Amino acid sequence: MEKQEVDSKLQERKMCGRLLMFPLPAQGHINPMLQLANILYSKGFNITIIHTSFNSPNKSNYPHFTFKNIGEARPTGYPTGSVAKGGAASKVILLNKVCFDPFHDCVKRLLSDSSADDRILCLITDALFYFTQHVADLLKLPRIVLRTSSLSAFHVFYLYPILLQQGYLSVQDSNSEAPVPEAEPLKVKDISQTYQIEGEDLGMMIAGMMTGTKAASAIVWNTFEELEQSVLPTIQQNFPIPSFTIGPFHKYFTASASSLLEQDKTAISWLDMQAPLSVLYVSFGSVALIDKSEFFEMAWALANSKQKFLWVVRPGVIRGSEWLESFPDGLQEAVSERGHIVKWAPQQEVLAHPATACFWSHCGWNSTLESICEGVPMICSPSFGDQPTNARYVEAVWKVGLVLENGIKREEIERAIRRVMIDQEGKEMRMRMSCLKKKVNLCLMEGGSSYKSLEGLVNFILSL
Ligand code: UDP
107 MEKQEVDSKL
117 QERKMCGRLL
127 MFPLPAQGHI
137 NPMLQLANIL
147 YSKGFNITII
157 HTSFNSPNKS
167 NYPHFTFKNI
177 GEARPTGYPT
187 GSVAKGGAAS
197 KVILLNKVCF
207 DPFHDCVKRL
217 LSDSSADDRI
227 LCLITDALFY
237 FTQHVADLLK
247 LPRIVLRTSS
257 LSAFHVFYLY
267 PILLQQGYLS
277 VQDSNSEAPV
287 PEAEPLKVKD
297 ISQTYQIEGE
307 DLGMMIAGMM
317 TGTKAASAIV
327 WNTFEELEQS
337 VLPTIQQNFP
347 IPSFTIGPFH
357 KYFTASASSL
367 LEQDKTAISW
377 LDMQAPLSVL
387 YVSFGSVALI
397 DKSEFFEMAW
407 ALANSKQKFL
417 WVVRPGVIRG
427 SEWLESFPDG
437 LQEAVSERGH
447 IVKWAPQQEV
457 LAHPATACFW
467 SHCGWNSTLE
477 SICEGVPMIC
487 SPSFGDQPTN
497 ARYVEAVWKV
507 GLVLENGIKR
517 EEIERAIRRV
527 MIDQEGKEMR
537 MRMSCLKKKV
547 NLCLMEGGSS
557 YKSLEGLVNF
567 ILSL
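Going by my numbering, the letters in the sequence shown line up with residues 107 to 570, in that order.
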């Protein structure tokens with residue numbers, strides 16, 4: 107690009123103004139916020155990323171952004187490792203307390219240092235950083251919320267008070283298959299699982315998120331209209347502020363640049379040696395934990411399945427183990443015959459690889475969307491929070507995968523692997539996934555729903 111052109115581009119950018127963006131410091135939240143930052147940068151906005159010292163994004167991958175560190179702001183007990191581990195709700199509540207002062211001071215300073223030709227237009231903060239609404243009000247700065255989950259899972263959180271009142275959170279049989287008419291297509295067991303960890307803290311966190319979102323100027327969603335058409339009007343009714351469904355974000359910019367852990371590229375060279383549609387990819391994301399007994403069940407099921415598999419065993423994912431030291435004798439050999447194990451994978455590349463046939467996932471929203479975008483059917487082992495809703499939608503609404511209904515048990519896993527990877531049923535799931543993949547591509551094209559929604563978001567920000 108000629109210097110003159112660069113100068114005029116910079117001039118244009120300055121005319122658009124600056125956005126202050128603040129991701130929650132966890133992998134599944136950092137990825138979409140930085141992707142959104144790149145999307146908005148490409149539309150001409152200047153970007154400042156405000157972050158904490160721990161889990162801070164890799165600045166060298168974003169030389170075009172300004173970064174502001176608000177300091178340690180680490181609640182007691184927050185993990186020192188690069189990826190947050192369990193007990194999420196209580197940590198989010200603590201983060202909302204300890205970040206208030208440093209965040210407020212940081213934004214105040216940025217406002218007083220800003221110039222007329224690089225005006226700060228608004229804050230864009232994670233919905234779970236609900237305290238930022240109070241800061242926005244104090245500093246008279248509009249706040250846009252980024253909600254990183256699906257619309258459907260957000261709606262299930264919205265229903266929390268009703269579900270609590272109806273007794274769904276205190277049912278005797280937490281594995282009940284009974285339907286929940288208030289939250290179709292969820293079953294009672296899904297509601298129990300959603301709220302099973304730290305019920306009270308989760309309730310508080312949800313209340314904070316709902317109040318903070320209601321008071322915001324707009325909401326941005328990492329989803330697309332065609333995927334969640336049925337719930338969008340309900341959300342718009344409950345939150346009568348502009349809603350922008352501009353996703354899937356990772357189709358504009360990949361998640362690799364914001365990965366907190368190093369992605370092991372041997373995953374791809376190993377996949378290169380496998381036959382098309384022959385590999386099961388297994389990963390439970392950055393937060394979910396499993397017990398040793400579940401790890402053994404997984405390993406036996408994978409070994410017995412007779413399928414090739416690529417398995418992400420994140421250090422710390424097995425409670426009480428650093429990494430693979432708990433592998434029992436004999437099992438490791440059985441596993442290594444058919445599989446390749448890595449600590450962290452370039453997930454998007456793995457899902458896009460022609461050898462990948464199925465994704466056994468915890469159903470975090472990023473993982474679910476990434477699988478949909480690559481047309482890969484899923485086996486679902488949700489753990490908590492939004493995951494049970496995502497899993498139920500995968501199985502019952504989009505019909506592109508199966509939920510392991512009884513936890514992690516080897517016979518059930520082996521059956522599920524067969525059903526998705528070998529049986530006719532799996533081929534039909536793959537066909538439905540391909541249809542969703544086509545819809546993704548259409549929604550991002552000129553005139554598509556996400557394309558238009560992004561135009562709407564840009565105009566909305568410029569009108570602030
Ligand atoms: N991810 C990755 N490598 C892995 C596993 C996951 O890069 O080995 C990325 C994945 O692509 C996704 C994110 O980590 O973007 C996980 O987010 P998700 O919402 O699925 O789950 P969470 O970690 O928040 O539970």
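Using N, Cα and C, we set each Cβ at its ideal position, and we do this for glycine too. Here the structure is a predicted model, which means the values were calculated and not measured.
7 Å Cβ cutoff met for residue i and residue j
i	j	result
threonine 158	threonine 172	no
phenylalanine 390	histidine 446	no
leucine 270	arginine 498	no
valine 418	valine 385	no
glycine 353	glycine 134	no
leucine 257	threonine 329	yes
isoleucine 424	phenylalanine 402	no
tyrosine 130	leucine 146	According to the sequence provided, residue 130 is leucine. The question's tyrosine does not apply to it. Result no, Cβ atoms of leucine 130 and leucine 146 do not sit closer than 7 Å.
glutamate 331	serine 555	yes
phenylalanine 465	tyrosine 387	yes
lysine 357	leucine 550	yes
isoleucine 268	glutamate 290	no
leucine 252	isoleucine 230	yes
isoleucine 312	tyrosine 266	yes
Alpha carbon of residue i to alpha carbon of residue j, nearest angstrom
i	j	result
serine 188	asparagine 175	Caution is warranted here: a pLDDT of 35 is assigned to serine 188, below 50, making its placement in the model unreliable, and the coordinate value is therefore given only provisionally. The straight-line gap from Cα to Cα measures roughly 16 Å.
leucine 560	aspartate 243	25 Å
aspartate 370	glutamine 454	12 Å
asparagine 137	methionine 127	13 Å
leucine 338	leucine 508	24 Å
leucine 245	glutamine 239	10 Å
serine 282	tyrosine 274	10 Å
methionine 315	phenylalanine 237	9 Å
methionine 527	valine 564	42 Å
alanine 522	lysine 533	13 Å
glutamine 359	asparagine 144	Reading the sequence as shown, one finds phenylalanine at residue 359 and not glutamine. So the two alpha carbons sit approximately 7 Å from each other.
lysine 543	cysteine 479	5 Å
lysine 410	alanine 381	With the sequence shown as reference, residue 410 is identified as asparagine, and lysine is not the correct amino acid for it. Rounded to the nearest angstrom, the two C-alpha atoms are 19 Å apart.
lysine 109	lysine 398	Because lysine 109 sits at a pLDDT of 46, beneath the cut-off of 50, its placement in the model cannot be relied upon, and the point is left open.
proline 494	leucine 510	11 Å
serine 432	tryptophan 406	13 Å
alanine 190	valine 277	Its pLDDT being 40, under 50, alanine 190 is placed unreliably by the model, and nothing is read from it.
serine 540	aspartate 219	50 Å
valine 112	arginine 420	In this predicted model, valine 112 has a pLDDT of only 45, less than 50, meaning its place in the structure is not dependable enough to derive any value.
tyrosine 301	aspartate 307	10 Å
glutamate 443	valine 506	29 Å
glutamate 428	valine 393	15 Å
valine 546	alanine 463	19 Å
threonine 319	asparagine 496	21 Å
alanine 458	glutamate 476	9 Å
histidine 170	glycine 123	14 Å
alanine 440	isoleucine 374	22 Å
leucine 570	methionine 139	20 Å
glutamine 343	valine 262	15 Å
Endpoints, the beta strand (DSSP E) within which residue i is located
i	result
aspartate 435	Note, aspartate 435: premise wrong, no beta strand (DSSP E); not H, not E.
leucine 126	124-128
serine 389	385-389
isoleucine 155	152-157
valine 393	That residue, valine 393, is in no beta strand (DSSP E); it is neither H nor E in DSSP.
Where the alpha helix (DSSP H) through residue i begins and ends
i	result
tyrosine 557	555-568
tryptophan 471	471-480
tryptophan 376	372-378
isoleucine 447	Not the alpha helix (DSSP H): isoleucine 447 falls in the beta strand (DSSP E), residues 445-448.
tryptophan 504	Run containing tryptophan 504: none; DSSP gives neither H nor E here.
alanine 463	Segment 462-467 is the beta strand (DSSP E) holding alanine 463; no alpha helix (DSSP H) there.
leucine 548	530-550
Minimum Cβ-Cβ distance from residue i to chain B less than 7 Å
i	result
serine 555	The structure shown contains no chain B, having only a single protein chain.
Any non-hydrogen atom of ligand 2 within 6 Å of residue i CB
i	result
glycine 426	Ligand 2 is not part of the structure shown, which contains ligand 1 as its ligands.
Go through the segment 246-327 residue by residue and report every complete run of the beta strand (DSSP E) that reaches 3 residues or more, in order. 249-253, 324-327
Determine contact between the segment 532-551 and the segment 481-492, defined as no fewer than three beta-carbon pairs at a distance below 8 Å. yes
Three-pair Cβ contact test at 8 Å for the segment 319-328 versus the segment 343-352: yes
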